[in-house]
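Residue numbers (the numbering used here), protein chains in the order written: chain A, 544 to 673; chain B, 544 to 673; chain C, 544 to 673; chain D, 544 to 673.
Positions of the beta carbon are idealized from the N, C-alpha and C atoms, including for glycine.
Taking it in order: structure first as structure tokens, then the write-up.
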């Protein structure tokens, strides 16, 4: 399943070179996967309210072309494999000219908020996600 | 009492114009008042751990000259009046050429973290702050 | 003229208290006034490309209630008086329950990008803005 | 050569979980490599003023333990191999208890600011960097 989410580049997200600063891609990915999940009827906020947090365990980014101020980006989100105790998302970022600017991934864990121990979420929830 | 805190401007904090984006001054002020308090033996983190939070109630900023990438700023912090249920800080930001770039203030409240109600902190703590 | 712009609160914009950190309101205001102008057929990016930049001269914020993660905010933007060499915007931020969370203003200047001197923009452009 | 740089965690950099949000590590790495270079008498700002920019081509992060508000982090910076047209930095982040919290890398390119083409920097400059 591929999900597309649109993000307008903010002025403050661009640096002296006029490009989106690389640190902001982690924010774009996070916004995009939140909307991916919402589209699957999974609200990340509700997960947290139920005691499940999902810290990022690792992430990676490749940058091919720069995004610029006021660009209307499309972030394409995929879950490339079946989630288990961890959940991997991959992302592709395109600008309004359909140019591929960047690719990346984030790997998250399911963690019990009270015990801070990894947890295995219900099969039903996993299936809703993919 | 005037307290000075030095901050080196980060690359990501500068925008397309090459100037520090105005949103970052709130971060500089926060860092500076935290160090002001630490200098008075008041650790904001400890206050929170003891159940006292200090949300910002209002803030204001005037910008005269731009701060730029890699500038070594001095943030001058003052508590202009005796704190009560609220605590006001004023700030002046200078660059390494002693030019006054910006002025501002933040007004904070003392709030009980559990009840989320305003609270009056102990006289002893207030006196340590000023 | 009142213009409304919707913003979904990002996870990274919330702090240890669970509230939107106050520094982010400057970003919300900026995004909202950009969309206000776009709605008037004035693209801020095009202004910059034509050599006009609009630095913030002053800004102020009042916070009444906290915005929280995943809230769908409405930022109401108004230009309260006729612009001259400077342009003032006022803002009101509401959450999805129509509660007024915050108010503020930003005052911008029109500046010639090459000379960095204040400039008076054309009457035609001013009229399009309001 | 290993270089250590200290960073105090800002309040705004922590999220609802109370942890440093993962997007901020890119900022910490950037600050640390800037100071690494300054220590080698290479000021990144001067490089840019001379027409050399260094965009990030790729980056990766692993997170083991969370950094928290007010932690005094040590970022250990290394250049693991001889730079050519690209320059790789690796980083380790420790807290004040000498716990390894995170590891990562950034890979940068040397680019001519006017032509936006990759460039080979002088041998003398490369040698100063490592």
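I want to verify the contact list: residues of chain A whose CB lies under 8 Å from the CB of residue 559(B), in sequence order.
Listed by position along chain A, the residues whose Cβ is nearer than 8 Å to that of residue 559(B) are 554, 557, 558, 559, 561 and 612.
Give the interface partners of residue 605(C) over in chain D, defined as CB-CB distance under 9 Å, in chain order.
Near residue 605(C) there are no residues of chain D at all, since even the closest Cβ is about 19 Å away, more than 9 Å.
So, at 8 Å on beta carbons, what are the nonlocal neighbours of residue 686(B) in its own chain, with the 5 sequence-adjacent residues on each side left out?
For residue 686(B) there is no data in the structure shown, the boundaries of chain B being 544 and 673.
So with CB distances below 7 Å, who are the chain B contacts of residue 570(D)?
The contacting residues are 553 and 555.
What does residue 632(C) pair with, by DSSP beta-bridge criteria?
Looking at the DSSP output, residue 632(C) bridges to 649(C).
From the beta carbon of residue 599(B), is the nearest beta carbon of chain C less than 8 Å away?
Yes - at least one Cβ of chain C is within 8 Å of the one on residue 599(B).
So which of 593(C), 551(C), 642(C) and 555(C) has the shortest CA-CA distance to residue 609(C)?
Closest by alpha carbon: 642(C).
Among all the DSSP beta bridges, which residues are the ones paired with residue 603(A)?
Beta-bridge pairing links residue 603(A) to 648(A) and 603(D).
Spatial distance of residue 619(D) from residue 548(D) (CA atoms):
Their backbone Cα atoms lie some 7 Å apart in a straight line.
Using a Cβ-Cβ distance under 8 Å, would residue 565(C) count as near chain B?
With respect to chain B, the C-beta atom of residue 565(C) has a partner C-beta closer than 8 Å.
Whole angstroms are fine: how far does the CA of residue 673(C) sit from the CA of residue 625(C)?
Going from the Cα of residue 625(C) to the Cα of residue 673(C) covers about 8 Å.
On the DSSP letters alone, give me the boundaries of the beta strand (DSSP E) that residue 574(C) sits inside.
Careful: residue 574(C) lies outside any beta strand (DSSP E), inside the alpha helix (DSSP H) at 568–582.
Distance between residue 614(B) and residue 656(C) (C-alpha atoms, nearest Å):
Approximately 21 Å between the Cα atoms of the pair.
Please check if any C-beta of chain C sits within less than 8 Å of the C-beta of residue 574(A).
Chain C contact via Cβ: present.
Checking 8 Å against the spacing of the C-beta atoms, do residue 595(D) and residue 632(D) come in under that value?
Contact flag unset, no.
Might you give, ordered along the chain, the residues of its own chain that have their beta carbon closer than 6 Å to the beta carbon of residue 621(D), omitting 5 neighbours on each side?
Same-chain partners within the cutoff: 545 and 633.
Output yes or no for whether 8 Å exceeds the beta carbon distance between residue 599(A) and residue 669(A).
No.
Can you tell which of 555(D), 572(D) and 623(D) has its C-alpha closest to the C-alpha of residue 637(D)?
Answer by Cα proximity: 572(D).
Enclosing beta strand (DSSP E) for residue 666(B) [first to last residue]:
It is not in any beta strand (DSSP E) - residue 666(B) instead sits in the alpha helix (DSSP H) that spans 666–672.
Mind checking if residue 549(C) is an interface residue toward chain A, Cβ cutoff 8 Å exclusive?
At a cut-off of 8 Å between beta carbons, residue 549(C) makes no contact with chain A.
If you draw a straight line from the alpha carbon of residue 584(C) to that of residue 550(A), how long is it in whole angstroms?
Their backbone Cα atoms lie some 20 Å apart in a straight line.
Could you tell me the alpha carbon to alpha carbon distance between residue 565(C) and residue 574(C), rounded to whole angstroms?
If you take the alpha carbons of residue 565(C) and residue 574(C), they lie about 15 Å apart.
Interface flag, residue 596(B) vs chain C, CB-CB below 8 Å:
Interface with chain C (8 Å Cβ-Cβ cutoff): residue 596(B) is included.
Residues near residue 664(C) in its chain [Cβ-Cβ closer than 6 Å; skip 5 each side]
Counting only Cβ-Cβ distances below 6 Å, and skipping sequence neighbours, we find 653.
Could you tell me the distance, in whole angstroms, from the CA atom of residue 601(C) to the CA atom of residue 604(B)?
Those two C-alpha atoms are separated by around 5 Å.
Roughly how many angstroms lie between the CA atoms of residue 554(C) and residue 630(A), to the nearest whole one?
Using only the alpha carbons, I get a separation of about 18 Å.
Could you have a look at residue 616(B) and say whether DSSP puts it in helix, strand or coil?
Taken through DSSP and simplified to helix, strand or coil, residue 616(B) comes out as strand.
Tell me where the beta strand (DSSP E) around residue 549(D) begins and ends.
That run of the beta strand (DSSP E) goes 545–551.
Hey, is residue 656(B)'s beta-carbon within less than 8 Å of any beta-carbon in chain D?
Residue-level contact by beta carbon fails for residue 656(B) and chain D, as no gap is shorter than 8 Å.
Quick check on residue 607(A): buried or exposed, where buried means 16 or more other Cβ atoms within 10 Å of its Cβ?
So residue 607(A) counts as exposed.
Distance cutoff 8 Å, beta carbons only. Does residue 602(C) sit that close to anything in chain B?
Taking Cβ atoms only, chain B reaches closer than 8 Å to residue 602(C), which makes this a yes.
Give the single residue among 576(D), 667(D), 639(D) and 671(D) whose Cα lies nearest to the Cα of residue 617(D).
Nearest option by C-alpha distance: 639(D).
Kindly indicate which residue of 635(C), 597(C), 649(C) and 645(C) has the alpha-carbon position closest to the one of residue 662(C).
The shortest C-alpha separation from residue 662(C) is found at 597(C).
Would you kindly work out how many angstroms separate the C-alpha atoms of residue 627(C) and residue 667(C), rounded to a whole number?
The C-alpha of residue 667(C) is placed about 12 Å away from the C-alpha of residue 627(C).
Check this for me: beta carbons of residue 568(A) and residue 559(B), under 8 Å apart or not?
Inclusion of residue 568(A) and residue 559(B) in the CB contact set at 8 Å is not warranted, their separation being larger than that value.
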